[in-house]
Structures are given as structure tokens and as C-alpha cells.
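Engineer: Here it is, the structure, as C-alpha cells.
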Amino acid sequence: MRFSLTIFLLFFTLFAQATVYKWVDKDGKIYYSDKPIENSETVEFKSNTQNQIKLQTFKANSSTSNDDQDSSTQYNLSITSPDEEDTIRNNQGKITIMARISPDLEAKHVLVLLMDGVIVGPPQTSPIFSLKDIDRGEHSFVIKAVAQNGKQLASTPPRKIFLHRAIIRRQATPTPSPGEN
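Under mature numbering (1 follows the signal peptide of the UniProt record, and there is no 0), the letters of the sequence shown match residues -18 to -1, 1 to 163, in that order.
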């Protein structure tokens, strides 16, 4: 069914081209339409109307020059929120870590978030990390700026945060003793 629908749609697009009409108003403005207007003329297109862009080719830099370029950027990186030893109360385990970095990240540099020494989530360019389903307790967060080749460019000092999640305790139901009515 899908195959026949695909073939039909491809066949239909061959006949879906519309005639284009061009006309000029009294102020000299040029208009185009798919409907004929009084004093309009049909626009004829060349058989090839595709745009062809020639891209400039660049020589690949050697790996040593990339290392030099990556090490030349000195980032100042710090966690701005939450504060050190803050207690966050969230029953869904959601935490948002925000950082400040200057100067702005270069194109081939990314930020990674480590929670308790383990990378959490994919690398990103935004200094805002939204986490969910985090276990309750004490956690240590570090944000690192990393180059494409894996070289660490900057790091924040560890930030200790406490997450509190409410516990719903089941009430103990009394167990009846045998022989009691």
C-alpha cells in the first residue's frame, strides 16, 4: 500500500507544475501569480532552474595547529545556580544547573556536566543543564569546557548540592490476630 501511494505521489508531482504569470502595475512594480491577470505575460523558465552554489574549499589544518588554537582560548567558567550546599526540594528529582562562561564558546568547543564524577547527558553549547529523575541526597557537580579533540579547556570547582524528595510511607495496617472477632 505504501509503495503504491509513493509511486502515485511521485507520478502526480510530474503534472503539478503551474504556469507563472508576470505583470507590471502603473507604479512599475513587478508581480508574479499563478492566475492570469489582464495584461500579464507567461513566464518561461529554462529547463534547469536549480541553484548551483560553488563552495570555497579550505585546506585542512594539521592536528598541531588545532591543538594550538584550542589552547589559546582561556575560558572563565563558574556555576551560578544553585549556590554551594543549597538544598533543593523537588519530588520529581529535577535540578537546573546554570553556569557563566566568558568569552563565549568557540564553534568547536562544548560544555559537559559531571555529577558525582560521571558525565551526565550529551555535550552542549548552552550553559544551562536541566536534569530530571535525580536520586535524593548529596551530589557534586562540575562543568567542563572541552575541545573537539577531548582536551579540557576550563573547569568549575565542584559544587555540592542536596536534593530532598518526599517519601510517601505506607501506613501499617493492623493484622488481625486469630480468634478475635
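Where a beta carbon is used, it is the ideal one built from N, C-alpha and C, also for glycine.
Ignoring anything shorter than 3 residues or poking outside the region 58 to 144, list the beta strand (DSSP E) runs there in chain order.
Structural biologist: 58 to 63, 68 to 71, 77 to 84, 91 to 97, 100 to 106, 110 to 113, 119 to 129, 134 to 137
Engineer: Using only the alpha-carbon positions, how far apart do S(-15) and Y14 sit?
Structural biologist: Here residue -15 refers to the residue found at position 4 when the sequence shown is read from its first residue. Here residue 14 refers to the residue found at position 32 when the sequence shown is read from its first residue. For S(-15) and Y14, the distance between alpha carbons rounds to 35 Å.
Engineer: Write down the C-beta distance between T107 and A81 rounded to the nearest angstrom, noting that I regard them as a contact closer than 8 Å.
Structural biologist: Taking the sequence shown and counting its residues from 1, the one referred to as residue 107 is at position 125. Taking the sequence shown and counting its residues from 1, the one referred to as residue 81 is at position 99. Not confirmed; about 12 Å, so no contact.
Engineer: Less than 6 Å between C-beta atoms, sequence neighbours within five positions excluded: which residues of the same chain meet that for residue 169?
Structural biologist: Because the chain spans -18 through 163 in this model, residue 169 falls outside it and cannot be assessed.
Engineer: Can you tell me which of the three DSSP states I(-12) falls into?
Structural biologist: Indexing the sequence shown from 1 puts residue -12 at position 7. Residue state, collapsed to three classes: helix.
Engineer: What's the gap between the Cα of D68 and the Cα of F144?
Structural biologist: For the purposes of this step, residue 68 is taken as residue 86 along the sequence shown, with counting starting at 1. For the purposes of this step, residue 144 is taken as residue 162 along the sequence shown, with counting starting at 1. Looking at the two C-alpha atoms, the distance is approximately 6 Å.
Engineer: What does the Cβ neighbour count give for P146, buried or exposed, with the cut at 16 atoms within 10 Å?
Structural biologist: The residue you call residue 146 lines up with position 164 of the sequence shown. The identity of residue 146 in the sequence shown is His, whereas the question assumes Pro. With fewer than 16 Cβ atoms within 10 Å of its Cβ, H146 is classed as exposed.
Engineer: Using the DSSP secondary-structure output, state which residues sit across from K4 in a beta bridge.
Structural biologist: Looking up residue 4 in the sequence shown gives position 22. The bridge partners DSSP lists for K4 are Y14, E23.
Engineer: Inspect the beta-carbon positions of A129 and Y57 and report whether they are closer than 8 Å.
Structural biologist: Against the sequence shown, residue 129 aligns to sequence position 147. Against the sequence shown, residue 57 aligns to sequence position 75. Not closer than 8 Å, so no.
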